[in-house]
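Novice:
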Amino acid sequence: MNIWHIIVSSAPQLLAAGIKYTIPIAIVSFAIGLILALVTALIRISKQRGAFNILRWIASFYVWLFRSTPLLVQLFIVYFGLPYLKIKGIFPKGIQLDPVVAGIITFSLNTGAYCAETIRGAIESIPRGQWEAASSIGMTRTLALRRIIIPQAVRVSLPPLANSFISLVKDTSLAASITIVEMFEVSQQIAAANYQPLVMYCEVAAFYAVACTLLAWLQKYLEKVTSRYVSPMN
Amino acid sequence: MIKLEHVHKTFAEHKALVDISTEFPEHKTTVILGPSGSGKSTLLRSLNLLERPESGTYQLDDLTINYAEPISTATTLDVRRRTGMVFQGFNLFPHLTVLQNLIEGPVHVLKHDKAAATKEAQELLAKVGLADKADVYPNQLSGGQAQRVAIARSLAMHPDYIFLDEPTSALDPELELEVLKVLLKIARDQQSMIIVTHNMAFAQKVADKILFVEDGQIQFDGSSQDFFNTDNARIKAFVSAMTFATLD
Chain C
288 MNIWHIIVSS APQLLAAGIK YTIPIAIVSF AIGLILALVT ALIRISKQRG AFNILRWIAS
348 FYVWLFRSTP LLVQLFIVYF GLPYLKIKGI FPKGIQLDPV VAGIITFSLN TGAYCAETIR
408 GAIESIPRGQ WEAASSIGMT RTLALRRIII PQAVRVSLPP LANSFISLVK DTSLAASITI
468 VEMFEVSQQI AAANYQPLVM YCEVAAFYAV ACTLLAWLQK YLEKVTSRYV SPMN
Chain B
238 MIKLEHVHKT FAEHKALVDI STEFPEHKTT VILGPSGSGK STLLRSLNLL ERPESGTYQL
298 DDLTINYAEP ISTATTLDVR RRTGMVFQGF NLFPHLTVLQ NLIEGPVHVL KHDKAAATKE
358 AQELLAKVGL ADKADVYPNQ LSGGQAQRVA IARSLAMHPD YIFLDEPTSA LDPELELEVL
418 KVLLKIARDQ QSMIIVTHNM AFAQKVADKI LFVEDGQIQF DGSSQDFFNT DNARIKAFVS
478 AMTFATLD
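Heads up: the protein sequence lines correspond to chains C and B, in order. Quick note: the first sequence uses this note's numbering, first residue 288, plus one each step. Quick note: the second sequence uses this note's numbering, first residue 238, plus one each step.
1) Could you name the residues of the stretch 464–480 of chain B whose beta carbon sits closer than 8 Å to any beta carbon of chain C, in the order they occur along the chain?
2) Looking at the strands, I want to know which residues DSSP matches up with Val-323/B.
3) Any beta-carbon of chain C closer than 8 Å to the one on Phe-449/B?
4) DSSP state of His-264/B, grouped into three classes?
5) At a CB-CB cut-off below 9 Å, which residues of chain B make contact with Ile-435/C?
6) Heavy atom of the ligand PLP less than 7 Å from the Cβ of Tyr-488/C, yes or no?
7) Using the rule of at least 16 other Cβ atoms within 10 Å of the residue's Cβ for burial, across every protein chain shown, is Lys-446/B buried or exposed?
8) Identify the residues that DSSP records as bridge partners of Asn-303/B: which are they?
9) Going along chain B, which residues have a C-beta under 7 Å from Val-416/C?
10) Which residues does DSSP pair with Thr-247/B in a beta bridge?
11) Could you tell me whether any Cβ in chain B is nearer than 8 Å to the Cβ of Gln-439/C?
12) Measuring straight from C-alpha to C-alpha, what distance separates Ala-371/B and Leu-300/B?
13) Can you name the residues of chain C whose CB is closer than 9 Å to the CB of Asn-303/B?
14) Taking 7 Å as the limit between beta carbons, can you name the residues of its chain near Pro-370/C, skipping five residues before and five after?
15) Counting only beta-carbon atoms, is Val-346/B nearer than 8 Å to chain C?
16) Whose CA, out of Asn-397/C, Arg-428/C, Val-497/C and Cys-499/C, lies closest to the CA of Leu-352/C?
17) What residue range does the alpha helix (DSSP H) around Gly-380/B cover?
18) Beta-carbon within less than 6 Å of Glu-240/C's beta-carbon, same chain only, minus the 5 sequence neighbours each way: which residues are those?
19) Which residue wins for smallest C-alpha separation from Glu-341/B, given the options Leu-372/C, Asp-458/C and Leu-430/C?
20) Which residue's Cα is closest to the Cα of Thr-513/C: Ala-328/C, Trp-418/C and Arg-442/C?
21) With DSSP collapsed to three states, give me the class of Thr-398/C.
22) Mind pulling the chain B residues with CB within less than 7 Å of Ser-422/C?
23) The stretch 268–288 of chain B: which residues have C-beta closer than 7 Å to a C-beta of chain C, in chain order?
24) For Thr-427/C, which residues in chain B fall below 8 Å Cβ to Cβ?
25) Excluding the 5 residues flanking Thr-309/C on each side, which residues of the same chain have their C-beta closer than 6 Å to its C-beta?
26) Excluding the five sequence neighbours on either side, which residues of its own chain have a C-beta within less than 8 Å of the C-beta of Lys-422/B, listed in chain order?
27) May I ask you to list, following chain order, the residues of the stretch 372–384 of chain B that have a beta carbon less than 8 Å from some beta carbon of chain C?
28) Is it buried or exposed for Tyr-295/B, if we count other Cβ within 10 angstroms and need 16 for buried?
29) Tell me the rounded alpha-carbon separation between Phe-339/C and Ile-330/C.
30) Chain B partners of Glu-419/C, CB-CB under 8 Å?
31) Quick one: is Val-517/C near chain B, going by C-beta distance under 8 Å?
32) Answer with buried or exposed for His-243/B, where buried requires no fewer than 16 other C-beta atoms within 10 angstroms of its C-beta.
33) Counting only runs that start and end within the stretch 334–380 of chain C, where is the alpha helix (DSSP H) found for 4 or more residues in a row?
34) Which one of Glu-413/B, Phe-439/B, Ala-440/B and Ala-249/B has the shortest CA to CA distance from Gln-224/B?
35) When you compare only the Cα positions, how much space is there between Met-520/C and Tyr-374/B?
36) With distances taken from CA atoms, which of Ile-406/C, Leu-445/C, Ala-298/C and Ile-364/C is nearest Leu-509/C?
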């Protein structure tokens, strides 16, 4: 069979799987992950004491847990493991999740843990003088964060956050292992039928590469927009 | 009026402020002088609660604070809304234009109308000679311009007192002059100011009152005239050294 024919004929199926699963799972997971990351980072840098210490401990534990265990194992625990978590009165039959939901939950938690550290680092990199200037004009800590610190931290954190998103797009291929028929799973199915694994896996790799290249361009554009006040000529 | 009584502050083993008691009169300019590391900046930052002394009382007009007791967030905000601070390193908000720097506090802290705040900010920029810089970002300003913006940002909050922590020490003499002229203009408007500086000529010109601080203690508390005509050997040596340093 002609290689180009294989590539052209399988491309629509791969593209459809990408549009239906890979891209939505990556975008939704990253959006949820970013919210989780921001909340986690704010808890970790908070100066509140007392009961807040427990929240800070939970946030630290969450980051440690998801950064210290493989993503594939996390996916298996959520999708294959939770059905065995039977709690009388609440989950008598275990926690059965739709594979897409299980995937989104896992990817969100995983990316949230990594991005939390990125955001925390970015916030902590803003010079102390910015906090002092904000408080010297009467801003509360929350207002200073919202108006002064976070807008500057966004610029600092953009490259590593974009890296995390690009990694996530590629990591969604692991969703194939929990029965989600995303792009990589589709390529496996086609390869099993046409006995052309090299062509199919190279083709799906090219699809991921194109998606990630587009994201890298988007990252460059966003960096330019958010750095307009850094460049001497804007 | 600001009044301090028996204020103590230590950093680890270092005594930064030792039994400080003094007053800072309203509508006057008080200059704090002293060698590096003498506690001048700590004293100034204690007035804005950026530093918390361990003991002593701080009276800001009708508000009295006991440093030994916990200070509520509301009290801290109250102090900071009554006072303005100008830093040695300017600390302008780099992601905001000059105009946005000036209206940030009035609009988001004081909840003033944005149009009115903008109009006033433009007037303040004209006052400090930077009317044409409203739309540029701080990274496009010289040091002297940045510090004048910082002063205007502080004035935009209509503080009862402005504290200036070595406002010109990061500037070369030419740029320093730009800032000093603006400060003299503000002093003539009877704005209450407390300034930490090393510039003797400026201190002599602007100060109604001078505090000389050394080793965390007030060694002189009096009028500018008395300070520069004193027979105190230590003060004479200090003024002489600093004047030489300024000329140098």
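Cβ atoms here follow ideal geometry from the backbone N, Cα and C, with glycine treated the same way.
Specialist: According to the structure shown:
1) none
2) Leu-401/B
3) no
4) coil
5) Phe-330, His-332, Leu-333 and Glu-341
6) As for the ligand PLP, it is missing from this structure, which has no ligand bound.
7) buried
8) Thr-294/B
9) First, the amino acid is wrong: residue 416/C is Gly here, not Val. Within chain B, the residues near Gly-416/C are Phe-324, Gly-326 and Asn-328.
10) Lys-252/B
11) yes
12) 36 Å
13) Within 9 Å Cβ-Cβ: nothing; Asn-303/B doesn't reach chain C, min ~21 Å.
14) Gly-381, Ile-382 and Gln-383
15) yes
16) Asn-397/C
17) 380–392
18) Residue coverage of chain C in this structure runs from 288 to 521, which leaves residue 240/C outside it and unanswerable.
19) Leu-430/C
20) Arg-442/C
21) helix
22) Arg-317
23) Asn-285 and Leu-287
24) Thr-310 and Leu-314
25) Thr-459, Glu-469 and Met-470
26) Lys-364
27) Tyr-374, Pro-375, Asn-376 and Gln-377
28) buried
29) 8 Å
30) Leu-287, Met-322, Phe-324 and Asn-328
31) yes
32) exposed
33) 339–355 and 358–363
34) Given that chain B is displayed from residue 238 to residue 485, the structure contains no residue 224/B and the question cannot be resolved.
35) A caution first: Met-520/C carries a pLDDT of 42, below 50, which makes its placement in the model unreliable, though a value can still be read off. Computed Cα separation, rounded: 10 Å.
36) Leu-445/C
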